[in-house]
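Take a look at the structure set out below.
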Amino acid sequence: MLTDFSIESILDHLVLRIVEVLPVSGAGVTLISPGASPRYVAASDDLALGFEGLQGELDEGPCVLASASRGAVSVPDLQRDDRFPRFSARALDQGLAAVFAFPLKAGDHQFGALDLYQTTTGPLSEEAMVAAQTLADVAAAYILNARARVDLEESLEQVRQGALQDDLSVEALRVSEARKKGVLDAVPDGVITIDERGVVVEFNRAAERTFGYSQQEALGRELAELIIPEAERDAHRRGLLHYRATGEGPLLGRRVEMMPIRADGSSFPAELTIMAVATAGTPLFTGFVRDLTKEHAANVERQALEDRLRQAERLESLGQLAGGVAHDFNNLLTVILNYAAFITRDAPAESATRAHAEQILSSAERAAALTKQLLMYARREPVRHTAVDLNAVVAQMHDLLVRTIGEHVRIEVRAAAELPPIHADGGQVEQVLMNLSVNSRDAMPDGGVLSIETAVVELRAGEAKPHPALAPGLYVRLSVIDEGAGMSAEVVARAFDPFFSTKRPGEGTGLGLATVYGIVADTGGAVDVQSEEGVGTTVSAFFPASPEAPAASPEPVDVVVGAGETVLVVEDQRAVREVTVAMLRRHGYRVRHAADAAEALRISADVDFDLLLTDIVMPQTSGRELVRALRDRHRTCRVLFMSGYSGTAFGSERFLEATEALIQKPFKETELLHAVRDALHRSGTSRRSPR
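When you line the sequence shown up against this note's numbering, it's residues 132 to 822, in that order.
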């Protein structure tokens, strides 16, 4: 408890509190007066003797620089810092390793520095630096206030002793009071002093700005009615009574956060430091109030940045997982797709076998699309933007949507005529439509109507926009509408958060709408959600219209056959190897195959081949390393790499030389045959790979 109002007593109390609340070994206060040497006036108990030993070196210490520059000075390692040689040498002798000095400043007034010491090297955290400067400002304000009170009390004493003429006494009081008011108004924080009854007796300009009351409105009023929330007023009054009875207060000398009230009734976060002082035997309580609104906003922004960083780290982990999962899935899908295609082609047209094989084929294609979705969300799938006809995408996806959505939901399509193209990745647009449709279906477990609409929307400057991210211009809108339960405003606000889902465990990944948002945003568009609980939801994707004409639909792909060329197939997955060999042999190629690079090298010693078809990622020796080893014997050999990883996993085109090509798994028979034919006829001279 502080009852002595001397500057030294106040500062002694302050440094003791600092050591309790900040991660430092000791603290002290150095006062600097014009024309006089710096002097310690307060020090924490545990390092008081050490501070006394530094007294003669203060004029060359960090405290002088902090006071002169009005900025904090950090010396995290006294042995490595050569700015203060005499001071550092003496401080090291005293067992100190680091020092941090903070200016004692209030308005235009400068009094010295608050010094923090460590017995170990290392910087203070940003939070500790901010807190220390705050406490230094509080100390400076107390010094100002104390000096003003001393002047006032001296004037009062002179009046009582009759040392001055009445008119001179009045003038002295006026000057002293004006000086005191000027000092308080120079303090950047709100300064409020109350008496033992809780009545406001001081209210500086910063307090006026902070709370919205003028000094005239605040003086003489009970503080509880002025700024303290109603729920906390009784506790405040009980605290005053407790102090009057015991001389103790739990909040005295501590920094606490509170939510005071402004004149307009609004509340805001603030930091409060309260000190009890005694003048002429009467206790007064002075509080220093700092508005933390900006700090809290900065903390919210920092938290958002940290959340984004964690999300990026989560995405990176997801990307690594997705790459591995996609590799295994794509190998499996290569086998399933092509054996199902064999059965479909060989079975009688109307047979159940063919129908079953077609279902397998359809499901495998859907699985391939889902794998691609995961890779797209993890940013591991290359994106190729071209002019896309949105109506054509909807028409092409209709049958697949019907099979996917199920019979309990009816799909209605309302497509606008003469829709301009959009500039996007066609596969990603299909993914947007599929994800939105599946979400709408899940919102209608008892059935209903799922509506798909396309429209042209022109946004003009100055008009209301469906989404704030949309600039004026021409857009193509894709809307998916359901008659489901709808969503609350809170759920809508989080609808696009990755991994957020209102579905039961196992029924949703939380990636669907997040993927949609990312895809549409990449085109320069935006996604809008309108939902009403009990009515349904409309999700609209706005794509910027493109002046580019969509490419003509490709002609049906003919199966190309080989002319007896020899292909060496190297694939460590047996099932993938066997189906690949079967497809090539069925279409006129001679094939040798190996399960790994070592076996391929043995075969190549006795066999000349026209094309090496090899997986990239294999145990022991990779496909790239195999190619380097084979170049010595087969300089003119063409190479076709195949991989279940996405193109971005290994740099895609940058990975390839002039005589090399790449086919992504899962591939169908026609895709493989065309890739083989193109690779065999690829021009270019092989560049010798670096070893």
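Quick reminder that beta carbons are idealized off the backbone N, C-alpha and C, glycines included.
Short Cβ contact (8 Å threshold) for residue i with residue j
| i | j | result |
| --- | --- | --- |
| D727 | T711 | no |
| A657 | V651 | yes |
| L354 | V331 | yes |
| L811 | L742 | yes |
| P551 | V466 | no |
| P193 | F215 | yes |
| I794 | F674 | no |
| L247 | V155 | yes |
| E664 | G617 | yes |
| R769 | T790 | yes |
| S198 | A244 | yes |
| R421 | R148 | no |
| R766 | A792 | no |
| G754 | Y720 | no |
| L403 | M389 | yes |
| V320 | D268 | This sequence places Asp at residue 320; Val is not what is there. Closer than 8 Å, so yes. |
Alpha-carbon spacing of residue i relative to residue j, whole angstroms
| i | j | result |
| --- | --- | --- |
| A394 | Q347 | 13 Å |
| T517 | V261 | 52 Å |
| H805 | V563 | 29 Å |
| E496 | T535 | 12 Å |
| D659 | E437 | 26 Å |
| L153 | G253 | 14 Å |
| V722 | D746 | 15 Å |
| F334 | V150 | 30 Å |
| V670 | A232 | 57 Å |
| L371 | V195 | 40 Å |
| E730 | L468 | 27 Å |
| L145 | T413 | 21 Å |
| A376 | K236 | 36 Å |
| L423 | T417 | 19 Å |
| A830 | H539 | Residue coverage of the chain in this structure runs from 132 to 822, which leaves residue 830 outside it and unanswerable. |
| S300 | A271 | Bear in mind that the predicted position of S300 carries a pLDDT of just 47, short of 50, making it unreliable; the figure below should be weighed with that in mind. Using only the alpha carbons, I get a separation of about 29 Å. |
| L180 | A228 | Interpretation of L180 is limited by its pLDDT of 46, a score under 50 that renders its predicted location unreliable; the figure taken from the coordinates is listed afterwards. Distance between the alpha carbons of L180 and A228: 16 Å. |
| E481 | A472 | 15 Å |
| S568 | G775 | 28 Å |
| M773 | A624 | 42 Å |
| E614 | A457 | 35 Å |
| A620 | L601 | 21 Å |
| L304 | E139 | For L304, the pLDDT reaches just 47, beneath the cut-off of 50, and the residue's location in the model is therefore unreliable, leaving the point undetermined. |
| D809 | P599 | 47 Å |
| R368 | I163 | 40 Å |
| M528 | G396 | 57 Å |
| R328 | T251 | 47 Å |
| A337 | R352 | 18 Å |
| S662 | V622 | 10 Å |
| N522 | K799 | 26 Å |
| D739 | I491 | 38 Å |
| D298 | L350 | Here the model assigns D298 a pLDDT of 46, short of 50, so the residue's position is not dependable, and the following value carries that caveat. In a straight line, the C-alpha of D298 is about 27 Å away from that of L350. |
Closest by C-alpha distance to residue i, when choosing among the options
| i | options | result |
| --- | --- | --- |
| K826 | P400, T404, E437, L415 | No answer is possible for residue 826: the residues shown for the chain start at 132 and end at 822. |
| I612 | M565, I650, V622 | M565 |
| Q249 | T324, E191, R328, A158 | A158 |
| V92 | V195, N276, P360 | This structure cannot speak to residue 92, because the chain is shown only from 132 to 822. |
| H724 | A713, R717, H718 | A713 |
| G537 | D573, Q527, A167 | D573 |
| N570 | G557, S677, A645, A349 | A645 |
| T502 | K796, T265, E788, E800 | K796 |
| N430 | E258, Q264, A267 | E258 |
| R201 | A548, D239, S164 | D239 |
| I392 | I359, Q241, L403 | I359 |
| E549 | D520, V525, L715, R717 | D520 |
| D212 | Q559, V230, E489, S494 | V230 |
| P597 | A672, L732, L532 | A672 |
Neighbour flag for residue i against chain D, beta carbons, 8 Å
| i | result |
| --- | --- |
| L601 | No chain D is present in this structure, which holds just one protein chain. |
Check whether the region 526–545 touches the region 571–585, taking contact to mean three or more Cβ pairs, one atom from each stretch, closer than 8 Å.
At 8 Å Cβ cutoff, the stretches touch.
Restricting to runs no shorter than 3 residues, where is the beta strand (DSSP E) found entirely within the region 715–755?
Taking 3 residues as the minimum length, the beta strand (DSSP E) runs contained wholly in the region 715–755 are 721–725, 742–746, in order along the chain.
Can you list the beta strand (DSSP E) stretches of 3 or more residues lying completely in the region 317–382, in chain order?
Inside the region 317–382, DSSP marks whole beta strand (DSSP E) runs of 3 or more residues at positions 321–326, 331–334, from first to last along the chain.
Contact the region 584–598 vs the region 700–710: 3+ CB pairs below 8 Å
Of all C-beta pairs linking the region 584–598 to the region 700–710, fewer than three are shorter than 8 Å, placing the two stretches out of contact.
Examine the Cβ distances between the region 204–220 and the region 163–176 and report whether three or more of them are shorter than 8 Å.
Fewer than three beta-carbon pairs drawn from the region 204–220 and the region 163–176 are found closer than 8 Å, and the two stretches are therefore not classed as touching.
Just to confirm the assignment: which complete beta strand (DSSP E) runs, minimum length 3, are found wholly within the region 211–279?
Runs of the beta strand (DSSP E) lying entirely within the region 211–279 and spanning at least 3 residues, in chain order: 229–237, 240–249.
Restricting to runs no shorter than 3 residues, where is the beta strand (DSSP E) found entirely within the region 520–608?
Counting only runs of 3 or more, we get 540–545, 553–555, 579–590.
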